[in-house]
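K.L.:
The structure under discussion is supplied below as structure tokens; questions concerning it will follow.
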Amino acid sequence: NAGVMQNPRHLVRRRGQEARLRCSPMKGHSHVYWYRQLPEEGLKFMVYLQKENIIDESGMPKERFSAEFPKEGPSILRIQQVVRGDSAAYFCASSPRLIGGAEETQYFGPGTRLLVL
Amino acid sequence: AQTVTQSQPEMSVQEAETVTLSCTYDTSESDYYLFWYKQPPSRQMILVIRQEAYKQQNATENRFSVNFQKAAKSFSLKISDSQLGDAAMYFCAYRSAAGGAQKLVFGQGTRLTINP
Chain G
1 NAGVMQNPRH LVRRRGQEAR LRCSPMKGHS HVYWYRQLPE EGLKFMVYLQ KENIIDESGM
61 PKERFSAEFP KEGPSILRIQ QVVRGDSAAY FCASSPRLIG GAEETQYFGP GTRLLVL
Chain W
1001 AQTVTQSQPE MSVQEAETVT LSCTYDTSES DYYLFWYKQP PSRQMILVIR QEAYKQQNAT
1061 ENRFSVNFQK AAKSFSLKIS DSQLGDAAMY FCAYRSAAGG AQKLVFGQGT RLTINP
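Respectively, the protein sequence lines represent chains G and W. Note that my numbering gives residue 104 to position 104 of the first sequence, counting from 1, and the numbers run on in steps of one. For any residue, its number in my numbering is found by taking its place in the second sequence, counting from 1, and adding 1000.
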């Protein structure tokens, strides 16, 4: 069973460009989470999605950032008009569908390192 | 809002010795989950161990064990017989058990160095 896949692993953008980060959850997982890690810091929650639904976007900046998890295909985190402060590692995690409310562990992908020049 | 604090930015230990990493958290909830994740130089986040708050018994996974003190809101990680491959950043994380609450709240991390 393949783990969580993220691509690209490294992404370089110039200020003002768009960045698209992709995440394919583990097989059988229908919950996706995005986290951001600034240099020398812990991970910060951005958004939680299920198929075709955004469940919690309380950690997402109000402007320029958007996320989706379509019925088919990977989850996409999109950053428009990138600025230098967007340079960070972006991690995706997935977990299985909750059954009876049981807790499910989140499994992380390898991350995408975004560098904005 | 819940917060997680790791007060040790860096720790070091001799190979084969035991080391304990500290973590405290702040919450008003009674039911939640706690995790330790390891981030080696590859920066992959790897789950080390997890603890359900309703369980009094401390979780163990091979050389890794926790000391969960619910009243003190403390959740330390003990690594026994340290190995060179244990060198990494270690993050403590909290997750509410409330319905629909799925996000992990992470501490700032502790960088663990293993001295040969």
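Glycine included, C-beta positions come from ideal geometry on N, C-alpha and C.
If contacts are defined as beta-carbon pairs under 8 angstroms, then D56 (chain G) and Q1102 (chain W) qualify, I think. What distance do you get, rounded to the angstrom?
P.N.:
Right, the Cβ-Cβ distance comes to about 7 angstroms (below 8 angstroms), so this counts as a contact.
K.L.:
Can you tell which of G:F69, G:R36 and G:S87 has the C-alpha that lies nearest to the C-alpha of L49 (chain G)?
P.N.:
The option with the nearest alpha carbon to L49 (chain G) is G:F69.
K.L.:
What residue does the beta strand (DSSP E) around T1003 (chain W) start on, and which one ends it?
P.N.:
Note, T1003 (chain W): beta strand (DSSP E), T1003 to T1005.
K.L.:
Contact criterion: CB-CB distance below 8 angstroms. Does R1050 (chain W) meet it with respect to chain B?
P.N.:
No chain B appears in this structure, whose protein chains are G and W.
K.L.:
Just verifying my parser: in three-state terms, what is the DSSP assignment at R1063 (chain W)?
P.N.:
Note: R1063 (chain W) maps to coil in three-state DSSP.
K.L.:
Quick check: the Cα distance between G73 (chain G) and I54 (chain G), rounded to an integer number of angstroms?
P.N.:
Going by the C-alpha atoms only, they are around 16 angstroms apart.
K.L.:
M1011 (chain W) bridges to which residues according to DSSP?
P.N.:
Looking at the DSSP assignment, M1011 (chain W) forms a beta bridge with W:L1112.
K.L.:
Rounded to the nearest angstrom, how far is the Cβ of C1023 (chain W) from that of V1048 (chain W), given a contact under 8 angstroms?
P.N.:
Contact doesn't hold; Cβ gap of about 12 angstroms is too wide.
K.L.:
Do the segment 8-24 of chain G and the segment 38-48 of chain G make contact, defined as three or more Cβ pairs closer than 8 angstroms?
P.N.:
Result no; under three Cβ-Cβ pairs closer than 8 angstroms.
K.L.:
Go to P96 (chain G), then tell me how far its beta strand (DSSP E) extends in each direction, as first and last residue.
P.N.:
Unbroken beta strand (DSSP E) run through P96 (chain G): A88 to P96.
K.L.:
Along chain W, which residues have their Cβ under 9 angstroms away from the Cβ of F69 (chain G)?
P.N.:
Residues of chain W passing the Cβ test: none, with the nearest at roughly 13 angstroms.
K.L.:
Identify the contact partners of E41 (chain G) in chain W, using a Cβ-Cβ distance below 8 angstroms as the criterion.
P.N.:
Ordered by position in chain W, the residues that pass the 8 angstroms Cβ test against E41 (chain G) are Q1108 and G1109.
K.L.:
Can you pull the chain G neighbours of R1063 (chain W), defined as C-beta to C-beta under 7 angstroms?
P.N.:
Neighbours of R1063 (chain W) on chain G: none; closest Cβ ~20 angstroms, over 7 angstroms.
K.L.:
In terms of residue numbering, what span does the beta strand (DSSP E) encompassing N7 (chain G) cover?
P.N.:
Taken as a continuous stretch (DSSP letters only), the beta strand (DSSP E) holding N7 (chain G) covers M5 to N7.
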